[in-house]
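J.:
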Amino acid sequence: MPAPLVIAMDGPAASGKSSVAREVAKRLGWLFVNTGNMYRAATWAALRDHLNPLDEDQVARAADSWNITCPIADGQCIVQLDGHDIEEELNNEKVNRAVSFVARVPAVRDRLVALQREIGRAQPVVMEGRDIGTVVFPDAVAKFYIDATEEVRARRRGLQGQTDTVSERDRIDSTRKTAPLIAAQDAVVIDSSHLSLDEVVTCVMNELRARGLIQPKA
Ligand code: DC
């Protein structure tokens, strides 16, 4: 079986990695996959089922019952729960507060990593998340870790109209036992604090060109 064509794009909350990954995928004509939305869908299901997100055993027992799928439309994976599009629910305050707790449960991660691998093996993808380069696709053809200062990230979230405490989520995401947020050793680290989206995308495209992964003019 040929090695999957995956570009991994990891980083903390509001570092800009989603926008960068989406744009890079568009330029390459590859599928953009937002894995944070999968963890958000699991969290939404946990809250719908009246579970306590802090109770790892309770969440683990329920994880297999959630029917999370990612059909492809317009070059993007659209996360669905039980066949329904729930993307509009995924960034609400309750999900923001609970998602890092649900995402630290190994049974939840096992299911979603399997889904991510299935998608990444079926077509070329730019996949963004926290553990794509370290756990999901350690053999990704290129890995990027998009960072930004805490202050800049909090400001970006505010501009998106969200009252998300990114620093608290990052603390939980970086210190959990399973697949913590960490830059892969072979990732190219880009500090986006003082760069525009276009400048970060240019850095990524230049790196891909330098590695011969895309044509000189792509
Ligand atoms: O990218 P995001 O902020 O929408 O991600 C929501 C949460 O999901 C984040 O706090 C950590 C978790 N997550 C994860 O653990 N692993 C991933 N690959 C993607 C997201």
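The sequence shown begins at -8 in the numbering used here and counts up by one.
Glycine included, each C-beta is placed from N, C-alpha and C at the ideal position.
All values derive from a computational prediction rather than experimental measurement.
Here's the rule: buried if 16 or more other CB atoms are within 10 angstroms of the residue's CB, otherwise exposed. What is residue 26?
T.: The residue labelled residue 26 in the question sits at position 35 within the sequence shown. Classification of residue 26: buried, given that the 10 Å Cβ count is 16 or more.
J.: Please identify the residue among 194, 47 and 9 whose C-alpha is closest to the C-alpha of residue 121.
T.: The residue labelled residue 121 in the question sits at position 130 within the sequence shown. Per the Cα distances, 9.
J.: Got a sec? Which residues, its chain only, sit under 7 Å from residue 169 by beta carbon, not counting five neighbours each side?
T.: Position 178 of the sequence shown, counted from the first residue, corresponds to residue 169. Answer for residue 169: 95, 97 and 100, listed in chain order.
J.: Flag this pair as yes or no: are the beta carbons of residue 103 and residue 28 separated by less than 8 Å?
T.: Along the sequence shown, one-based indexing puts residue 103 at 112. Along the sequence shown, one-based indexing puts residue 28 at 37. Not in contact: residue 103 and residue 28 (Cβ atoms no closer than 8 Å).
J.: Would you decide whether residue 119 is buried or exposed? Buried here means 16 or more other CB atoms lie within 10 Å of its CB.
T.: Taking the first residue of the sequence shown as position 1, residue 119 is located at position 128. Buried is the call here.
J.: For residue 23, list the residues DSSP reports as bridge partners.
T.: Here residue 23 is taken as the residue at index 32 of the sequence shown, counted from 1. Residue 23 pairs with 67 and 117.
J.: Give me the residue from 132, 63 and 71 with the minimum Cα distance to residue -5.
T.: Translated into positions along the sequence shown, residue -5 becomes position 4. Checked all of 132, 63 and 71; the closest Cα to residue -5 is 132.
J.: Give the single residue among 22, 48 and 30 whose Cα lies nearest to the Cα of residue 66.
T.: Sequence index remark: in the sequence shown, residue 66 carries index 75 (1-based). Among 22, 48 and 30, the Cα nearest to that of residue 66 belongs to 22.
J.: Within 10 angstroms of its Cβ, does residue 87 collect 16 or more other Cβ (buried), or is it exposed?
T.: One-based indexing of the sequence shown puts residue 87 at position 96. When all chains shown are included, residue 87 counts as buried.
J.: From the DSSP output, read off the bridge partner residues of residue 135.
T.: Mapped onto the sequence shown, residue 135 falls at position 144. BP columns for residue 135 point to 0 and 179.
J.: Just to confirm, are residue -1 and residue 144 a CB contact at a threshold of 8 Å?
T.: Within the sequence shown, the letter at position 8 stands for residue -1. Within the sequence shown, the letter at position 153 stands for residue 144. No, the Cβ-Cβ distance between residue -1 and residue 144 is not below 8 Å.
J.: Using a threshold of 7 Å, is the CB atom of residue 28 nearer than that to any non-hydrogen atom of the ligand DC?
T.: Reading the sequence shown from its first residue, position 37 is the one you call residue 28. Under cutoff, so the answer is yes.
J.: Distance check for residue 72 and residue 38, CA to CA, integer angstroms please.
T.: For this step, residue 38 is matched to residue 47 along the sequence shown. For this step, residue 72 is matched to residue 81 along the sequence shown. So the two alpha carbons sit approximately 13 Å from each other.
J.: Can you find at least 3 beta carbon pairs, one from the segment 144 to 163 and one from the segment 197 to 206, that sit closer than 8 Å?
T.: The segment 144 to 163 is not in contact with the segment 197 to 206.
J.: Using the three-state DSSP reduction, which class does residue 55 fall into: helix, strand or coil?
T.: Taking the sequence shown and counting its residues from 1, the one referred to as residue 55 is at position 64. DSSP places residue 55 in coil when its eight states are reduced to three.
J.: Can you tell me whether residue 114 is buried or exposed, with buried defined as 16 or more other CB within 10 angstroms of its CB?
T.: Numbered from 1 along the sequence shown, position 123 holds the residue referred to as residue 114. Label assigned to residue 114: exposed.
J.: Between residue 184 and the ligand DC, is the CB less than 7 Å from at least one heavy atom?
T.: On the sequence shown, residue 184 is found 193 positions in, with the first residue counted as 1. Not so, every heavy atom of the ligand DC lies at least 7 Å from the Cβ.
J.: Give me, in chain order, the residues of the same chain whose beta-carbon lies closer than 6 Å to that of residue 92; leave out the 5 immediate sequence neighbours on both sides.
T.: Taking the first residue of the sequence shown as 1, we reach residue 92 at position 101. So the list reads 44 and 45, once near-sequence residues are dropped.
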